[in-house]
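Here's the structure, in structure tokens; my notes come after.
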């Protein structure tokens, strides 16, 4: 957390966890990994994946709608026996069934809690599920009830395929291959030539079958599994799925390789389609779909020769998000990539940063002026809303992890090898500050122009009380990496990081207390709106909220599986989180209700009022030594501008603020003054 915290007001936030609803902004239709795809005809189909994701299309993949799964368990396999009835298997013993095309999904008891990896139906009544720890389940009533079969192994079983009601095959970890010839009553272990885990199995007739798996493994049999022959592929990635549309034409999908096709019964294979796909399904000889990593969905209408993406957006790992106003937002990512939205995240366009270095943080002082920092001391600046970016000389080759500006001129950046640099002229010149540490400093935060904090590796916490001239190491009793720091005022702050670490101080860092949230996770972003209400974002798409200053926390799942790297509260209604795989999600169902309440205030005279591009504070309020720190907010609680004023410089430029009514706070460290004004 790197915003400048205003000391003289509190922000009250209230929300109902049950009303939280997160919307995917990128990639679209969503970004969770998809594990399985199934179509009932050329138009109607389903994809399922991580975090209970179920999507349905009725127009051949052009549009997709979310269906309610009722679970956050990862969903691994989907199979529809007709246009209305389908079964899904997933982790933690999850079995879901629909009889109305997914309008409702009902949870079915599996009687076990192992992960269930693939479901396959021979007809509308008879089906099987393979799962971890040797699990085989069977149904004879269309999936309403399931019985456990004896597999004779404790290895994970990843894929199941039946030729008819009596003959079937299952493959799994460590080259496991099982065969039954009596409907699953008994299973025979077969020897394959595979060298690792097998992930998928498919038979084109009673004798001819194929299995794929780890290390680019593809094995085939022509005698019903008695013997298996390994085929040579020029891929070493994880092959996830194999399907045939007829005796000759088949497809293999997997990680770190293109979609593969054979037209000669598996004798040879060639690349034809996208990479990082987990599942492929054909509704007929020509129309097929593939689904995979980061929510990717592809379609073919010519038998797999050409594939068209039915999902869109970017999948770069995003490290930071900044919204200087509700419509204008920026994100920074790896390899110098940066993106911008002008419509609240509905659409995003790439900006040309001029660097290929990872950009770990981005900060805008207003919609036009911003900075980004990254590897090898990269520090770039824009003054035209991201249209052009200019290198600034940071004076260091150390990686920079965090950047913030207190006003148009005064800014700080922190990074590796104990680096903190400061500018007082908008970044034209940067000065290296002495920190007394060589640890990576991952986040920096100031509560006013003098008091600031930086946190980083091995639990390091630094504090300055003189605008960065000197830094003092504070002791937290934590050796975990700290990734984010946020101070509400000079005394109260929070630091979050690895292994569930969340620290709180109420005495300006003299002492830090551990707060308990979830010790199995790590956190990348902490943001508090006031002394009571705060948010944590981090691993596994987890977002936690507290309304009692961190005493207790409630998990507000956003529906994403990825690690969340940055969190921003934009205004009283809107929050944004970003993370791996290009994940950008937006909460618009009352993320917070903001009211600005001065703790101590007096009246303030501003002129001219109404104003155009300039407004001033009357000289009456200044003495020779007075300095005012001013903050301007919209009536909705959005911070619009901050600046330090003196009697010699008491003009406030408003050219970047749209017309409307605003509230101005002025703090001279003795009293807070408040006034409303109108910009025309």
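Numbering (our numbering), first residue to last: 1255 to 1934. Glycine residues also receive a C-beta, built at the ideal position from the N, C-alpha and C atoms.
Exposed or buried, which one is residue i when buried takes at least 16 other CB atoms within 10 Å?
i, result
"residue 1930", "exposed"
"residue 1690", "exposed"
"residue 1907", "exposed"
"residue 1864", "exposed"
"residue 1597", "exposed"
"residue 1862", "exposed"
"residue 1853", "Any reading at residue 1853 must be qualified, since the residue scores a pLDDT of 35, below 50, and its modelled position is unreliable; the value itself is stated next. Exposed, by the Cβ-count rule."
"residue 1913", "exposed"
"residue 1706", "buried"
"residue 1267", "In this predicted model, residue 1267 has a pLDDT of only 25, less than 50, meaning its place in the structure is not dependable enough to derive any value."
"residue 1810", "buried"
"residue 1265", "Summary for residue 1265: the model assigns pLDDT 26, below 50, so the residue's position carries little reliability, and this model does not support an answer."
"residue 1605", "buried"
"residue 1539", "exposed"
"residue 1468", "buried"
"residue 1932", "exposed"
"residue 1761", "exposed"
"residue 1934", "exposed"
"residue 1735", "buried"
"residue 1418", "exposed"
"residue 1805", "exposed"
Kindly indicate the opening and closing residues of the beta strand (DSSP E) around residue i.
i, result
"residue 1821", "1818-1823"
"residue 1770", "Careful: residue 1770 lies outside any beta strand (DSSP E) and carries neither H nor E."
"residue 1304", "Neither: residue 1304 is in no beta strand (DSSP E) and is coded neither H nor E."
"residue 1346", "Note, residue 1346: premise wrong, no beta strand (DSSP E); not H, not E."
"residue 1393", "1390-1393"
"residue 1276", "1276-1280"
"residue 1513", "1512-1516"
"residue 1411", "1411-1416"
"residue 1525", "1524-1529"
"residue 1703", "Where residue 1703 is concerned, there is no enclosing beta strand (DSSP E), given that its DSSP letter is neither H nor E."
"residue 1800", "1797-1800"
"residue 1655", "1654-1659"
"residue 1479", "No beta strand (DSSP E) contains residue 1479, which DSSP labels as neither H nor E."
"residue 1576", "1572-1576"
"residue 1556", "Where residue 1556 is concerned, there is no enclosing beta strand (DSSP E), given that its DSSP letter is neither H nor E."
"residue 1431", "1431-1434"
"residue 1327", "First-last for residue 1327: undefined, no H or E at that position."
Report yes or no: is there a C-beta of chain C within less than 8 Å of the C-beta of residue i?
i, result
"residue 1445", "Chain labels in this structure do not include chain C; a single protein chain is all it has."
Are the beta-carbon atoms belonging to residue i and residue j less than 8 Å from one another?
i, j, result
"residue 1565", "residue 1282", "yes"
"residue 1795", "residue 1305", "yes"
"residue 1577", "residue 1814", "no"
"residue 1772", "residue 1788", "no"
"residue 1635", "residue 1652", "no"
"residue 1793", "residue 1770", "no"
"residue 1608", "residue 1594", "no"
"residue 1619", "residue 1662", "yes"
"residue 1656", "residue 1616", "no"
"residue 1603", "residue 1589", "no"
"residue 1549", "residue 1288", "yes"
"residue 1544", "residue 1527", "yes"
"residue 1291", "residue 1341", "no"
"residue 1569", "residue 1836", "yes"
"residue 1797", "residue 1575", "no"
"residue 1580", "residue 1824", "yes"
"residue 1733", "residue 1713", "yes"
"residue 1698", "residue 1738", "no"
Since residue i and residue j should fall inside the 8 Å C-beta cutoff, what is the C-beta to C-beta distance between them, to a whole number of angstroms?
i, j, result
"residue 1839", "residue 1278", "6 Å"
"residue 1561", "residue 1552", "4 Å"
"residue 1376", "residue 1334", "The pair is not a contact, with the Cβ atoms about 14 Å apart (cut-off 8 Å)."
"residue 1911", "residue 1895", "6 Å"
"residue 1776", "residue 1752", "4 Å"
"residue 1680", "residue 1703", "Residue 1680 to residue 1703, Cβ: 15 Å. No contact."
"residue 1492", "residue 1509", "4 Å"
"residue 1246", "residue 1394", "Here the chain comprises residues numbered 1255 to 1934, so residue 1246 is not present and cannot be evaluated."
"residue 1328", "residue 1362", "Not really, about 17 Å apart at Cβ, beyond 8 Å."
"residue 1622", "residue 1638", "6 Å"
"residue 1534", "residue 1505", "5 Å"
"residue 1711", "residue 1541", "Between residue 1541 and residue 1711 the Cβ distance is about 52 Å, and since that is not below 8 Å, they are no contact."
"residue 1819", "residue 1785", "Their Cβ separation, rounded to whole angstroms, is 25 Å, which puts residue 1819 and residue 1785 out of contact at 8 Å."
If we count Cβ pairs, one from each stretch, closer than 8 Å, do we get three or more for the region 1444-1457 versus the region 1489-1506?
Output reads yes: the region 1489-1506 touches the region 1444-1457.
Are the region 1384-1393 and the region 1411-1419 touching, with three or more C-beta to C-beta distances below 8 Å?
Remark: three or more beta-carbon pairs, one from each stretch, lie closer than 8 Å, so the region 1384-1393 and the region 1411-1419 are flagged as touching.
For the region 1435-1443 against the region 1467-1477, do three or more pairs of beta-carbon atoms, one drawn from each stretch, fall closer than 8 Å, so that the two count as touching?
no
Per the contact definition of three or more C-beta pairs closer than 8 Å, is the region 1309-1324 in contact with the region 1347-1359?
yes
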